[in-house]
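J.: Pasting in a structure now, in structure tokens, and then I'll have a few things to ask.
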Amino acid sequence: MNPRSGAVSKPLLAALAILIVAAVGIWFFTRPRFDVQQTLTQLRTAVGQIENLEVDPAQQTLLAIQPLFPDDPSLQQNLAVNAVSRLRQLAGTIDNVSLDPEVVEAARQQFPAAVTETQQNIDSFAALAGENAVSAWLHSRLLQVQASQVDPSQATQLAAENVRFLTETLAEHPDWLALVGPLTTALDESSDDSLSQSVLPTLIAASEANPRNLYAVMQAINVAVKQRDPAATGLLQRSKQLAEPLVPETSTIAASLGMEPLDVADRVIQAIADDDWQQAGLYANYWINLHKGTAAYRTDLRLATPHELDFLSFDLSRRLGAQWAAADRETAPPIPIRFDIQSVIETAGTAAKQVAWVDFDLDGTAELAVLDEDGLSILQREDDRWQRIATATVPADSQRFVVADLFLVDSSDRNRLRKSRVQTTEVSDARRANQHDTFRSFVLSGPAGVTVLQANPEATDPQQRLRGSEKPTNLEAISGVTASIACDIDADGDIDLVFGTETEGVQIWINRGNMTFFPVAAHSQLPPLDNPAIDFAFVDFDRDLDLDLLTVLRDGTVGVLENVLHLQFRWQPKDWQSGDGGVATRIAVGDIDGNVSWDPIIAAGDGLQVVFSETSDIGVWKEIGRAKSPLAGAQFVTSEFNNDAWLDLVAWNEAGFAIDSLGFDGVTTSLGEFAIESGAAIRDVSPGDWDGDGRIDLAVASDDGVWIASNTTQGTGNYLRASFKGIDDNASGRVNHYAIGSVLELRYGPYYRAQVITEPISHFGMGTESEAITLRAILPNGVTQSVVQPAANQILYEQQTLKGSCPYLYSWDGEKFAFVTDCLWAAPLGLQVAPGKVVPDRPWEYLKVDGRFVQPRDGFYELRITEELWELAYFDHLQLTAIDHPADVEIFTNEKVGPPSIAEHKIHALDQDCIQPVRSAVDSSGDDVTKQLKRADEDYVQGFREQYCQGLCVPHWIELDLADIDPAAERLSLVLTGWIFPTDTTLNIQIAQNPDLASVVYPVLEVPDGEGGWQTAIPYIGFPGGKTKTIVVDITGKLNPDDRRVRIRTSAQIYWDQAVVAVDPPDVETRQYPLKLQSASLGFHGYSTQLPRQSTQPHRYDYENVATAPKWPPLSGTLTQYGDVLAKLTTWDDDMVVMAAGDEMRLRFPVPDAPIPAGWKRDFVLHCVGWDKDADLHTLAGQTTGPLPFRAMSAYPPPITQVGEAEAAQQRNAATQTRSQRYREFWQRPAVPGL
């Protein structure tokens, strides 16, 4: 072939070259100049402003950047998103009747121009980006907001236009899931049934294109049944497959129909077959509503009904970040890593399968756990040598092990192996108090199955320091194990186990808390049985606070085993691998670019792939980019070896190791290579700081024994290490001992780093920073705690702090708003005492408020009710009554937690003559507590000596001798003052799972049986709800006249302050003044500081000393808007105030005209009607504001037979329930990109 054929002439090429050079030169000297880092920071600032709904500053920031990127779709997309957000804000202002009329009118005047500007921004974005789901969604939202501000006829026309637009668009792109929700909403708003016929094929196609979305198929079912289309049958069959994992959650709701959940769908299918469309419509409605409260449905609904903030674009940020990272690597290359590699002589010549650093004896230094052909050994460094201090023979084919504390989170289990509390001068008191004392177990697995070994380092015989379980664990049934991981997958406070197996797929085994386990695959959608899992990583992937499992299957499939709560899981395979990436072999997770979203890190073939993500809201994780880098082998581990704040990876192959730094753009930079001398095959690598110098070392398992690679890198940065421990090694029981699964967020300088706790100590490199701003832990139960300004180069040993329950009541006492008590204790929503068994609620209460707390202020009595914990409060009615009475008379309400039969409202007015002390009192240990119980002085009796977990104790009692009381008295009452520290749903589930634990026994009144024993006189007397309260118990006729002792027996965590007897109380004159609520407003308060307390005293708070930063993770759903709420509280009518953490109601009541008579005093009774819902992960519907409770509700969540009433309550509050908790207020994104 002639090499010159077809070539362009050289003169022409030269001319073209000159023109190109000239053009480039002109562009170079005339283009807008910008600093990459500064522009990137501006861009991230603008995104933060949009997320915080600061729409005007955001627009100004974006427009300032736009000249640098006039044709960039990413920038224009964010302008369009911000414009839609601004338009919605204006519409919200116009509709808010509580605002000043001038503010509303100003918004109304701005609205038409804002519509035009929004449309222009959307059109500009569509012109740059082409047809896409985002521009279609934004256009649909524009039509919807327009429709909200016109007359009804125009609104109906706009809704119909929206339906046609979305139907056409979704028909062409059925995979655009984000349009399904807007389409069904617009269809409802159009009021045009004829449109449903044209919409149905589109919805069916969309549900098929998104086959794992339960919401999409349910919406198609709804329309198909209304259209009497037989296609509904196939949709119902598909929906049953998706609903199968939710059966444990939906069974309670379906029980009101006398049916199992899946049978409801079968009833619809049968009705269609019988051509009974009326019956089909009824049960289809039941079928859809049955699932609306489930976590899975809410997640799928959220994906199909996005918020505009979900569409913020980070493409330009990523491109600028890549430029910055590349420049940064050139100007400040990472510190090369150096290792001193030595063989562990004691293991030489033996093929090691796995190695791990463990603090076996809990002395604060690391030992080596080694699995080899001889078994499991623990080696300790002594006199410059590694010596075996514990050995155990295990099945020969054991291939791996995990280390975990498998015991119930409990400080009183006598079977639990714990470290002796020996005092030593080598450890500070503070560090000793916060170090763990629970020995971890070893779970070994392989083809033959699973073996559990308990650690007992204090045994004298090395062969007894690792011992098998004394009873079957039920794990003996497992075989063919291919992978294993330990984490608290069911969020009940103890560690569970997950295995990949050859023929039985992924197996999830739940810890009962007594070293036995049970499987939970019955209703879950798990990966295929014939495709074993080979690697796991746990993380709360979608930020809904339960742990999910990132999983690699043997054929290279990568996916997420999504946790949908209540022991239910859904397998979600992901397309995360590049086409030429080879088969995935390992997965890890990290927030590589520091944007508060988890990024999967995948080894596939000879490459490493980082999948960058953005999480815009609870459950809304989306991929925003990928980065591919070479990798030395199919396996890797991560840590920070030079403490420069960038994540490092060590990968290996037959030639040795390569260590790389992983930049925030996902690009790796080599930090060095090394090899072990023998050249033996590498089986496993474990990072850890074994010598305590702040530099991460490596332990290497090879076919020629174990090698230690000691990190000798010079010039490493500062570091911080953190270790979390439970209260009294977690007597609370809500979080596993080592806080495994928690998220740690470190903010220092301008930087942000996040990790998941997978080991007892977590390590952060800090570069040149000498002090952090905060270290925040988000514990597996949702509780957060922060350490402010921790210094670098240390280990922080932190105890976990835990959450409480119920709204707080404060009152103006003449000087300040003083803490009084807590409210709504008898009305918990969704509180399970066992799976599927819910505590009934009693939505009314009458709380005594002592007059010393209530003094006039500007002519009114002022109260504050705050919500400061991780929960929701629903207040429907409030009434304050002033009660005047003689000063020598004490009044009490009949307030106690219990059914109406024992808590019927009554005022007990007791004068001093009728109140008599008990002759003597002893507790369950025989200690004399007479003096403590004589008066209410906060010197509380703790009757129990041991507790299993928070709220559940060894049965205990107070025994009261009433020998001085006449048993023939006409009226006898025990007056008991105390408080309770309760269990919660998580603890109840934990207790129910453990056959060795009995459920909580609430106070029982016992009397002597005459034969040396005791018999029940009253099986349930109620108990004081929450903080200190007084209950009055009628014991008339209950005493044994021959032995007038009584016992108050319970296993609840109750502390008693006073016990006296009221004998034949006389009728006492009192004067009651109902006080009509004069004003009520809802606003922000924050989080009051806890006051100092003794361990037996209840928690109290300082109203004036407030933190304003979000303390709890956000909950989904809507809350009552801030402002005047008086009308909602005047009557019990299902028009209620819905409030969440940080909110408060400010209440004013008039002072009675009548003065207090001489020699009298005034107390008060606050009548509350409402409910409280803990956000505990095991509370039914606990993570969302809905469904709303209502007066006629027979159970919660409302049964399927009360769907209409539930919808009516929702509709009644819709106009004012428009506020929501902002995701970004809690999960704050740093302004500096990638840091």
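Positions 4 to 1238 (the working numbering) are the ones given, in order, by the sequence shown. Backbone N, C-alpha and C define an ideal beta-carbon position, used for all residues, glycine too.
Where does Ser380 land, buried or exposed, given buried means 16+ other C-beta within 10 angstroms?
T.: Label assigned to Ser380: buried.
J.: His908: buried (16+ other C-beta within 10 angstroms of its C-beta) or exposed?
T.: Exposed, since its Cβ has fewer than 16 Cβ neighbours within 10 Å.
J.: CB-CB under 6 angstroms to Gly585, same chain, minus the five flanking residues each way: which ones, in chain order?
T.: Correct list, in chain order: Ala607, Gly608.
J.: Please list the terminal residues of the continuous beta strand (DSSP E) segment that includes Val183.
T.: Looking at the DSSP string, Val183 is not in any beta strand (DSSP E); the run it does join, the alpha helix (DSSP H), is 183 to 193.
J.: Counting only runs that start and end within the region 1159 to 1237, where is the beta strand (DSSP E) found for 3 or more residues in a row?
T.: List check, beta strand (DSSP E) in window: 1163 to 1177.
J.: Let me check understanding here. Comparing Cα to Cα, which of Tyr877, Val542, Asp620, Val347 lies closest to Ser681?
T.: Comparing Cα-Cα distances from Ser681 to each of Tyr877, Val542, Asp620, Val347, the minimum goes to Val347.
J.: Checking 7 angstroms against the spacing of the C-beta atoms, do Leu1080 and Tyr1125 come in under that value?
T.: Contact flag unset, no.
J.: Based on DSSP bridge pairs, tell me the residues matched to Ala1102.
T.: One detail in the question is off: residue 1102 reads as His in this sequence, not Ala. Paired residues: none, contrary to the question.
J.: Kindly give me the distance between the Cβ atoms of Ile590 and Val561, rounded to whole angstroms, as I take these residues to be in contact under 8 angstroms.
T.: Confirmed, about 6 angstroms.
J.: Should Ala1143 be counted as a contact of the ligand FAD given a C-beta to heavy atom distance under 6 angstroms?
T.: As for the ligand FAD, it is missing from this structure, which has no ligand bound.
J.: Taking 7 angstroms as the threshold (C-beta atoms), are Gln345 and Ile711 in contact?
T.: Yes, Cβ-Cβ distance for Ile711 and Gln345 is below 7 angstroms.
J.: Could you name the residues of the same chain whose beta carbon sits closer than 7 angstroms to that of Val925, not counting the 5 residues immediately before and after it, in chain order?
T.: Correct list, in chain order: Asp931, Val932, Glu962.
J.: Just the C-alpha distance for Leu850 and Pro1113, rounded to the nearest angstrom, thanks.
T.: Cα to Cα, Leu850 sits roughly 29 angstroms from Pro1113.
J.: Going along the chain, which residues of its own chain have a beta-carbon closer than 7 angstroms to the beta-carbon of Glu505, five neighbours each way excluded?
T.: The answer, listed in chain order, is Gly483, Thr485, Pro535.
J.: So who's on the other strand from Glu385, going by DSSP bridges?
T.: Answer is Arg388.
J.: With three or more beta-carbon pairs closer than 8 angstroms as the criterion, would you say the region 994 to 1011 touches the region 872 to 891?
T.: Because the criterion of three Cβ pairs below 8 angstroms is not met, the region 994 to 1011 and the region 872 to 891 do not touch.
J.: What residue ranges within the region 497 to 566 form continuous beta strand (DSSP E) runs of no fewer than 3 residues, ordered along the chain?
T.: Listed in chain order, they are 499 to 504, 508 to 514, 520 to 522, 536 to 542, 551 to 556, 561 to 566.
J.: Would you grab the beta carbon distance between Asn598 and Met769 for me? Rounded to a whole angstrom, and I think it's under 8 angstroms.
T.: No, Asn598 and Met769 are not in contact; Cβ-Cβ is about 19 angstroms, not under 8 angstroms.
J.: Quick check on the DSSP output: what are the complete beta strand (DSSP E) runs of length 3 or more inside the region 990 to 1053, in order along the chain?
T.: Segments of the beta strand (DSSP E) lying fully in the region 990 to 1053: 1007 to 1011, 1017 to 1021, 1032 to 1037.
J.: Mind checking Gln52: buried by the 16 CB within 10 Å criterion, or exposed?
T.: Its Cβ being crowded by 16 or more others within 10 Å, Gln52 is buried.
J.: Using alpha carbons as the reference points, say which of Cys917, Phe947, Asp1179 lies closest to Val1071.
T.: Among Cys917, Phe947, Asp1179, the Cα nearest to that of Val1071 belongs to Cys917.
J.: What residue ranges within the region 884 to 946 form continuous beta strand (DSSP E) runs of no fewer than 3 residues, ordered along the chain?
T.: The qualifying runs are 892 to 896, 910 to 914, 918 to 920, 923 to 926.
J.: Going by other Cβ atoms of all chains shown within 10 Å of its Cβ, with 16 needed for buried, is Ser642 buried or exposed?
T.: Buried: at least 16 other Cβ atoms inside 10 Å.
J.: For Gln230, which of helix, strand or coil comes out of DSSP?
T.: Looking at Gln230 - three-state DSSP - the assignment turns out to be coil, as it is neither helix nor strand.
J.: Could you give the C-beta distance for Thr989 and Asn784, rounded to a whole number, given that I count them as a contact under 8 angstroms?
T.: Contact holds; Cβ gap of about 6 angstroms.
J.: Considering only residues of the same chain and omitting the five flanking positions on each side of Phe820, which have a CB-CB separation below 8 angstroms?
T.: Excluding residues within five positions, the ones whose Cβ falls inside 8 angstroms are Tyr813, Ser814, Glu865, Arg867, Tyr1106, Glu1107.
J.: Need the endpoints of the alpha helix (DSSP H) that Ser197 sits in, please.
T.: Run containing Ser197: 197 to 212, per the alpha helix (DSSP H) assignment.
J.: Using a Cβ-Cβ cutoff of less than 7 angstroms, which residues in the same chain neighbour Phe863 once the five nearest sequence positions on both sides are dropped?
T.: Correct list, in chain order: Gln1081, Arg1151, Phe1152, Pro1153, Val1154.
J.: Is the beta carbon of Trp982 closer than 7 angstroms to that of Lys1030?
T.: In this structure, Trp982 lies closer than 7 angstroms to Lys1030 by Cβ.
J.: For the putative contact between Trp140 and Phe314, defined by C-beta atoms under 8 angstroms, what is the C-beta separation to the nearest angstrom?
T.: Their Cβ separation, rounded to whole angstroms, is 7 angstroms, which keeps Trp140 and Phe314 in contact under 8 angstroms.
J.: Give the single residue among Glu774, Glu772, Gly744 whose Cα lies nearest to the Cα of Ser1255.
T.: Any answer about residue 1255 is impossible in this case: the structure gives the chain only from 4 up to 1238.
J.: In three-state DSSP terms, what is Val791?
T.: DSSP places Val791 in strand when its eight states are reduced to three.
J.: Could you check the C-alpha separation between Ile1024 and Tyr1076 for me, to the nearest Å?
T.: Going from the Cα of Ile1024 to the Cα of Tyr1076 covers about 30 angstroms.
J.: Enumerate in chain order the residues of its own chain whose CB-to-CB distance from Val183 is below 6 angstroms, with the five nearest sequence positions on each side excluded.
T.: Only Ala209, Ala219, Ala307 meet the Cβ criterion.
J.: Have a look at Glu349, Val397, Ser1054 and flag the residue whose alpha-carbon is nearest the alpha-carbon of Asp387.
T.: Of the listed residues, the one whose Cα sits closest to Asp387 is Glu349.
J.: Let me know the secondary structure DSSP gives Thr672 once reduced to three states.
T.: Residue state, collapsed to three classes: strand.
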